[in-house]
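Written below as structure tokens is the structure these notes are about.
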Amino acid sequence: MASAVPRPGEAPDEAVQILAHLTQHRQVRGCVTLTTDGRVLWSGGAAFVAGEGEATDALERVVQFVRDMLDVVTRHVDEVEADDELSLLRVRTKKYELLVTPSQKYVLVVMQEPGSG
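Counting from 1, one number per residue, gives the positions in the sequence shown under UniProt numbering.
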């Protein structure tokens, strides 16, 4: 299993330990923690092994996909109900499932194999 790659000084140690443990789950292909403006604070798991070209490209593609989705979905949630906010976004394809949980400071993204939820 690929090891997690924290960004030193940005993610609290306890959070890094929890996320690293999550990436060890058999169905989880990777986890990413982002700032609300889309900077990667932490990534781990087989899908996002740092330093390997293909995995780095995959991380960049997933981060851009999540940013684009959150922009659109958040805007539409606001249009439907002004005092509501997005708390979970789940996207499933034939190859993977993304679970995205935005908060005031961070966005947690878990990529897992479909059918594992």
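For every residue, glycine included, the Cβ atom is placed at its ideal position computed from N, Cα and C.
Residue environment analysis places A47 among the buried positions, since at least 16 neighbouring C-beta atoms fall within 10 angstroms of its C-beta. In this structure, DSSP gives L19 a helical state, which the three-state scheme calls helix.
Residue environment: P102 is assigned as buried (16 or more neighbouring CB atoms within 10 Å of its CB, all protein chains considered).
Separation of the CB atoms of L34 and Y106 is rounded to 7 Å, and the pair is thereby assigned contact status at 8 Å.
In this structure, the straight-line span from the alpha carbon of Q17 to that of L108 is close to 14 Å. A direct Cα-Cα distance of roughly 11 Å separates D68 from D37. In the three-state reduction of the DSSP assignment, E85 falls in the coil class. CA-CA distance, L70 to E60, rounds to 15 Å.
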